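Q: The structure under discussion is supplied below as structure tokens; questions concerning it will follow.
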Amino acid sequence: MTGKSESRVRTGARASSVGVALLVAFCFGVEVAQAQAIMRTPTISVPSRTPTVSPNITPRVSPNIAARAVSVGRGPRTMATIPTTSRIRPTTPVLPYARYSPNLYPACTAPYRSGDGECLAQPNAGGEGTGKSGKKSAGKGRGNNTPVALISRSFAGEFVAEIDGALSTAEADELARRHGLTRLASENFPLIGATFGLFRIADGRPYETVRREFAADGSVRSLQPNFRYMLQDQKSSAATEGDPAQYALAKLRLPQAHTLAHGANVTIAVIDSGIDARHPELANSVADNFDALGSAEGPHVHGTGIAGAIAAHARLMGSAPEARIIAIRAFGGANGGAESSSYIILRSLNYAAEHGAQIVNMSFAGPKDAVIERAIAATAARGLVLIAAAGNAGAKSPPLYPAANPNVIAVSATDRQDRLFSASNRGNYIAVAAPGVDIFLPAPDGKYQVTSGTSFSAAYVSGVAALLLERNHALKPEALRMTLVKTARDLGSPGRDDLFGDGQADAFAAVMAVPADSATPVAAAPGTTKREDAPKRREEPGARAIEQTSLSSAEDKSAVSQADRPPAR
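Here my numbering is used: the first residue of the sequence shown is 105, the next is one more, and so on.
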């Protein structure tokens, strides 16, 4: 009996062990299945892109500039009246092309973004124009999940400091040595009436330690990091050959506007990367050059494209083909990306203000920056029109600067179907929108490119501003901005919103709204497409006053918070 009992006990124990093992295996199997479901690769669908250009838009007529007419129907595309160019065949493209510009300011989702919109090593968001125009909420962009490198919001170990203007060069160097720093550069900036220096930590001490000691020196008026700025273009998924028609011209009604103005005798400072002034599209357009970097680099694809969106006048057409451009190089194209800093942007704004610019195009973005905010306020106070790209950091990005500065006209981007560019920033600081997806532009060495980004939307609007100033040179910045927003074509649901601002810019309606004499411009022009059923605006954009800040006192050194939202316009 004892032997049988022991046998039954052993048999029960074995059965229990097997049951426990099966239960554990079943549990682990369920865990693995859930993880695989969570980690699945998303399916990416990229829509085909077919140029859609209205055939009834009258091309610009000029005795010096040849125009072209493009007709698009259901059948094969045909080209009519293109001087000196035979019909383009798919196997033998006439125009040389450059590859798409690199993605210089990655868009990313909120969990991987810092307080000022910087991406922190996470997959890149999409670059197609997929924003939902009928919704006010921000949609998610499409992307390829390619990791991007960590991008610091400022240059490591560098300071931009306002110092005593009475210091000589030797005394400034001695000031730097006392604090274990190297003076990289310093100069007086008449724009803001102050002397600034660029300093770098030379002895390897911790950044915060050096910052506290340097800020406490009696010769230092203000101190901040040397912030990083990025050009605002967006890499597309594949290169394109052939001639994708300039749909932006019809969207902005530029051919009609050019019957009244071409931007003649208006000077636009383009703070960007190097511009190829020898490109046929830009012949005689670049009136002045300034290299704020002091570099020896050649022309860059981004700067050349921005200049082309404004002033192209050969095979292509810019928004202000007779405008004068001050080409200011503030961004280098080395190491696969173009970037600049607080000190260089300050030099660039100072040059633009001191050399007769009437409009400043800023197709770049960065964090809120006390020195640049001060320079922008001083530039606006001189009567210059400031226009900037809203940024390509996506739907959940906090405001990027200088676009979010209240003295700046911020421009978001749209595609052929008037949908918001998925990577475009949103916010109550957006003034207007303009085409910025698949834009056909010049590139260095006589080549051309098709690229996307809020950079090019801003450039188009800068050209439209030049048309208004040619029409009436006495037009003040606030009156000009109000004319742009009052005559914009409403997109999405009726009324102003955080995606398109007051709508897509309408060059013809805006020019018609500005009389050629010095009379006050009317609120809206004949033929404007603003919706009659639009509800009353939440805030009147024209009520915003130009602000001028002062950061020269010690109390103002930390007055600007990176988390501050810009004021509603």
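Beta carbons are placed, not taken as given, at the ideal position from N, Cα and C, and that holds for glycine.
Note that the structure is predicted; figures quoted are calculated from it, not measured.
By how many angstroms is the C-alpha of Ala617 removed from the C-alpha of Glu401?
A: 42 Å
Q: Going by beta carbon distance, what residues of the same chain come within less than 6 Å of Pro329, once the five residues before and after it are set aside?
A: Ser258
Q: Give me the Cα-Cα distance between Ser389 and Ala418, rounded to the nearest whole angstrom.
A: 12 Å
Q: Start and end of the alpha helix (DSSP H) containing Asn529?
A: Per DSSP, Asn529 belongs to no alpha helix (DSSP H) and is neither H nor E.
Q: For Lys355, name the three-state secondary structure that DSSP assigns.
A: helix
Q: Based on the DSSP output, what are the partners of Pro539 in its beta bridges?
A: Thr518
Q: Which whole runs of the beta strand (DSSP E) in the region 357–441 are 3 residues long or more, in chain order?
A: 371–376, 390–395, 428–433
Q: So Asn509 is in the beta strand (DSSP E); what residue range does that whole segment cover?
A: Neither: Asn509 is in no beta strand (DSSP E) and is coded neither H nor E.
Q: Starting from Gly301, trace the alpha helix (DSSP H) both ways and give me its first and last residue.
A: Not the alpha helix (DSSP H): Gly301 falls in the beta strand (DSSP E), residues 298–305.
Q: Please classify Ser467: does DSSP put it in a helix, a strand, or coil?
A: coil
Q: For the putative contact between Thr587 and Leu571, defined by C-beta atoms under 8 Å, what is the C-beta separation to the nearest angstrom?
A: Wrong, their Cβ atoms sit about 11 Å apart, outside the cutoff.
Q: Count the other CB atoms, across all protein chains shown, that sit within 10 Å of the CB of Pro200; report buried if there are 16 or more and exposed otherwise.
A: Residue placement at Pro200 cannot be trusted, given a pLDDT of 41 that sits under 50; what the coordinates show is reported in the next sentence. The residue is exposed, with fewer than 16 neighbouring Cβ atoms inside 10 Å.
Q: For Thr483, count neighbouring Cβ atoms within 10 angstroms of its own Cβ and tell me buried if that reaches 16, exposed if not.
A: buried
Q: Taking the beta carbon of Gln462 as the centre, do at least 16 other beta carbons fall within 10 Å, making it buried, or is it exposed?
A: buried
Q: Among Tyr311, Ala499, Gly297, which residue has its Cα nearest to the Cα of Phe303?
A: For Phe303, the closest alpha carbon among the candidates Tyr311, Ala499, Gly297 is that of Tyr311.
Q: Measure the alpha-carbon distance for Leu279 versus Arg325 and round it to whole angstroms.
A: 13 Å
Q: Count the other C-beta atoms from every protein chain shown that fall within 10 angstroms of the C-beta of Ser556, then say buried if there are 16 or more, exposed otherwise.
A: buried
Q: Over what stretch of residues does the alpha helix (DSSP H) that includes Arg282 continue unbroken?
A: 273–282
Q: If we ignore side chains and look at the alpha-carbon of each, how far apart do Leu386 and Glu317 end up?
A: 49 Å
Q: Please go through the same chain and pick out, in chain order, the residues whose beta-carbon is closer than 8 Å to the beta-carbon of Gly269, but skip the five residues on each side of it.
A: Asn292, Ala298, Thr299
Q: Using CA coordinates, which residue listed in Pro546, Ala527, Leu295 is at the minimum distance from Ile476?
A: Leu295
Q: Which of the three DSSP states is assigned to Thr313 in this structure?
A: For Thr313, the secondary structure class from DSSP, reduced to helix, strand or coil, is helix.
Q: On the CB-based measure, 16 or more other CB atoms within 10 Å of its CB, does Lys355 come out buried or exposed?
A: buried
Q: Taking Cβ positions, are Ile432 and Ala381 nearer each other than 9 Å?
A: no
Q: Where does Ala548 land, buried or exposed, given buried means 16+ other C-beta within 10 angstroms?
A: Looking at the sequence shown, residue 548 is not Ala but Pro. The residue is buried, with at least 16 neighbouring Cβ atoms inside 10 Å.
Q: With a cut-off of 8 Å on the beta carbons, I'd call Tyr505 and Lys472 a contact; round off their distance for me.
A: About 5 Å separates the two Cβ atoms, so the contact holds.
Q: So, helix, strand or coil for Leu579, using DSSP?
A: coil
Q: What are the start and end residues of the alpha helix (DSSP H) that includes Thr483?
A: 474–485
Q: With DSSP as the reference, label Tyr533 as helix, strand or coil.
A: Of the three classes helix, strand and coil, the one that applies to Tyr533 here is coil, per DSSP.
Q: In the DSSP assignment, find the unbroken beta strand (DSSP E) run with Phe331 in it and report its ends.
A: 324–335
Q: Roughly how many angstroms separate the alpha carbons of Arg282 and Gly398, rounded to a whole number?
A: 27 Å
Q: Please classify Leu285: does DSSP put it in a helix, a strand, or coil?
A: strand
Q: Please look up how many angstroms separate the CB atoms of Ala499 and Val515, rounded, as I've assumed it's under 8 Å.
A: The pair is not a contact, with the Cβ atoms about 17 Å apart (cut-off 8 Å).
Q: For the alpha helix (DSSP H) holding Phe612, just list the boundary residues, first then last.
A: From DSSP, the alpha helix (DSSP H) with Phe612 extends over 611–616.
Q: Throw me the rounded Cβ distance for the Ala609 and Val568 pair, which I believe falls under 8 Å.
A: Right, the Cβ-Cβ distance comes to about 6 Å (below 8 Å), so this counts as a contact.
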